[in-house]
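What follows is a set of notes on a single structure, which appears directly below.
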Amino acid sequence: MHINNHQPYISRYRLKAGGYLNAVSSRREFDGALIRVGDGFGCIHPWPELGDPPLLKCLADLAGERRWPLVRRALRCAEYDAAARNYDESLFEEMTVPASHATLPQADHTQIARAVDAGFAIVKLKCGRHLAQEAALLEAMSAEFPMLRWRLDFNETLSAQAAAVFLTNLANSTRQAIDFVEDPCEFAESTWTELQRNTGLDLAVDQEAAPLSAAAQVLIIKPAIDEPFLLAEAALRHHQRVVLTSYMDHPLGQAFAAWEAARLDLQFPGLLDVCGLQTHHLFEPDAFSEALGPWGPAFQAPVGTGLGFNDLLEALPWTRSF
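Residue numbers (the working numbering): 489 to 810.
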């Protein structure tokens, strides 16, 4: 199937979060668009706070040159999805999606206890807004749940010095429970090398040009904007762990990330670590999120052909006016 031969339709959506989703965004409502190209579907869910163009520019690009990574990846998603739907097959057939960590942007004791009850072994905390409170919570929860591992994501909100102070001031037992620290500060090889040496903690890179980020020990790949295969090859060269995550987007986009994780796990056995593919709980529930089942470390593939959601997608209003 040649996606470029089909004029796309779109169906806009709005996701409503229960709180702030990271340290660089104060929004609680998130606009995006599902796209339909031929028989395939994809998702455009921009994060302007993280460098994406706003939705209207993405849609203009979809109608025109298609040069933004977010738009190009949505089209690639639609291409894979259409191929499977045309064969009346699910993309998840005979695929195993890696387990996920629990993503908790505004964590408290109740949320962490709920994650433990749901079976999660790793919790990802979105940090950087209130450092003192975050350190206190991490210390207390690490002591109460000693079997949990922690991933801290700062979205480059700290200086290298502030990151070092925050991390080295944690108790030794707490630091030992940290799996990695994601984007603690703006990436620079020398800065990150020194920060890793001073803290003894693995650093995960997401925000920068990942193939060149050899100073990181972990590579974060987001299929909504990244081509996983090329980045996985770079990670192999740099002896990095790899974690695939959703883009905190529509359940269709979440399903695409999960399928890309399963596919990459087949292509590079043993390379993927526990991923971050369970984020539908961050938003008010709807029929799409309900199709992904309960929140837990195991991904539940939506029923249907391609990426699933057949009846729900067909019922949406689609337009070429954008």
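Where is the CB? At the ideal position from N, CA and C, for every residue including glycine.
Source: prediction; values computed, not measured.
Would you give the residue range spanned by the alpha helix (DSSP H) that residue i belongs to?
{"i": "Leu-544", "result": "543-551"}
{"i": "Asp-569", "result": "557-574"}
{"i": "Phe-776", "result": "775-778"}
{"i": "Phe-717", "result": "716-726"}
{"i": "Phe-756", "result": "Careful: Phe-756 lies outside any alpha helix (DSSP H) and carries neither H nor E."}
{"i": "Trp-680", "result": "677-687"}
{"i": "Glu-622", "result": "619-632"}
{"i": "Phe-654", "result": "648-656"}
{"i": "Val-669", "result": "Segment 666-670 is the beta strand (DSSP E) holding Val-669; no alpha helix (DSSP H) there."}
{"i": "Thr-487", "result": "Look at the range of the chain in this structure, 489 to 810, and you will see that residue 487 is not part of it."}
How many Å lie between residue i and residue j at the Cα?
{"i": "Glu-682", "j": "Leu-689", "result": "11 Å"}
{"i": "Ala-609", "j": "Cys-763", "result": "12 Å"}
{"i": "Ala-720", "j": "Arg-663", "result": "27 Å"}
{"i": "Thr-767", "j": "Gln-742", "result": "8 Å"}
{"i": "Ala-623", "j": "Met-629", "result": "10 Å"}
{"i": "Ala-587", "j": "Leu-780", "result": "14 Å"}
{"i": "Gly-520", "j": "Leu-640", "result": "27 Å"}
{"i": "Met-489", "j": "Tyr-568", "result": "For Met-489, the predicted structure reports a pLDDT of 48, less than 50, and the residue's modelled location is therefore unreliable. A value from the coordinates is still provided. So the alpha carbons of these two residues sit roughly 9 Å apart."}
{"i": "Leu-801", "j": "Val-791", "result": "12 Å"}
{"i": "Leu-718", "j": "Trp-747", "result": "16 Å"}
{"i": "Arg-502", "j": "Pro-534", "result": "12 Å"}
{"i": "Glu-582", "j": "Ala-722", "result": "27 Å"}
{"i": "Asp-671", "j": "Asp-694", "result": "6 Å"}
{"i": "Leu-550", "j": "Gln-621", "result": "42 Å"}
{"i": "Gly-607", "j": "Trp-680", "result": "33 Å"}
{"i": "Ser-734", "j": "Ile-708", "result": "10 Å"}
{"i": "Asp-667", "j": "Asp-761", "result": "11 Å"}
{"i": "Ile-498", "j": "Thr-807", "result": "5 Å"}
{"i": "Ser-809", "j": "Arg-555", "result": "20 Å"}
{"i": "Arg-637", "j": "Pro-805", "result": "43 Å"}
{"i": "Leu-613", "j": "Ala-603", "result": "12 Å"}
{"i": "Asn-657", "j": "Ala-651", "result": "10 Å"}
{"i": "Tyr-575", "j": "Glu-772", "result": "33 Å"}
{"i": "Ser-438", "j": "Pro-593", "result": "There is no way to answer for residue 438, as the model of the chain reaches only from 489 to 810."}
{"i": "Cys-615", "j": "Asp-799", "result": "38 Å"}
{"i": "Glu-537", "j": "Thr-793", "result": "34 Å"}
Between the options, which has its C-alpha nearest residue i's C-alpha?
{"i": "His-589", "options": "Asp-799, Leu-795, Leu-800 and Gly-784", "result": "Gly-784"}
{"i": "Cys-565", "options": "Leu-579, Met-583 and Gly-552", "result": "Leu-579"}
{"i": "Ala-745", "options": "Thr-584, Asp-527 and Tyr-497", "result": "Thr-584"}
{"i": "Gly-539", "options": "Trp-680, Asn-643 and Leu-613", "result": "Asn-643"}
{"i": "Glu-517", "options": "Gly-507, Ile-523 and Arg-524", "result": "Gly-507"}
{"i": "Ala-676", "options": "Ala-703, Pro-542 and Arg-500", "result": "Ala-703"}
{"i": "Leu-625", "options": "Phe-776, Gln-599 and Trp-806", "result": "Gln-599"}
{"i": "Arg-617", "options": "Phe-654, Val-604, Pro-634 and His-597", "result": "Phe-654"}
{"i": "Lys-504", "options": "Ala-789, Ala-803 and Asp-774", "result": "Asp-774"}
{"i": "Ala-648", "options": "Val-669, Ala-665, Pro-634 and Thr-591", "result": "Val-669"}
{"i": "Ala-665", "options": "Ser-777, Thr-687 and Ala-572", "result": "Thr-687"}
So residue i and residue j are in contact, right, with Cβ under 8 Å, and what is the actual spacing, rounded?
{"i": "Ala-659", "j": "Glu-627", "result": "6 Å"}
{"i": "Leu-765", "j": "Phe-787", "result": "5 Å"}
{"i": "Leu-724", "j": "Leu-759", "result": "7 Å"}
{"i": "Val-706", "j": "Arg-729", "result": "5 Å"}
{"i": "Gly-530", "j": "His-494", "result": "So it is not a contact: roughly 12 Å between Cβ atoms."}
{"i": "Leu-732", "j": "Ala-749", "result": "4 Å"}
{"i": "His-738", "j": "Leu-522", "result": "7 Å"}
{"i": "Gly-528", "j": "Ala-570", "result": "3 Å"}
{"i": "Pro-736", "j": "Leu-509", "result": "The sequence shown places Met at residue 736, not Pro. Correct: roughly 6 Å between the Cβ atoms."}
Check for me: the beta strand (DSSP E) holding residue i runs from which residue to which?
{"i": "Arg-729", "result": "729-732"}
{"i": "Val-611", "result": "610-614"}
{"i": "Ala-521", "result": "517-525"}
{"i": "Ile-713", "result": "Where Ile-713 is concerned, there is no enclosing beta strand (DSSP E), given that its DSSP letter is neither H nor E."}
{"i": "Asp-641", "result": "637-641"}
{"i": "Glu-537", "result": "That residue, Glu-537, is in no beta strand (DSSP E); it is neither H nor E in DSSP."}
{"i": "Arg-502", "result": "497-504"}
{"i": "Thr-591", "result": "590-592"}
{"i": "Ala-692", "result": "691-693"}
{"i": "Asp-799", "result": "Note, Asp-799: premise wrong, no beta strand (DSSP E); alpha helix (DSSP H) at 798-803."}
*Would you say the region 555-564 touches the region 702-716, given that touching needs at least three Cβ pairs under 8 Å?*
yes
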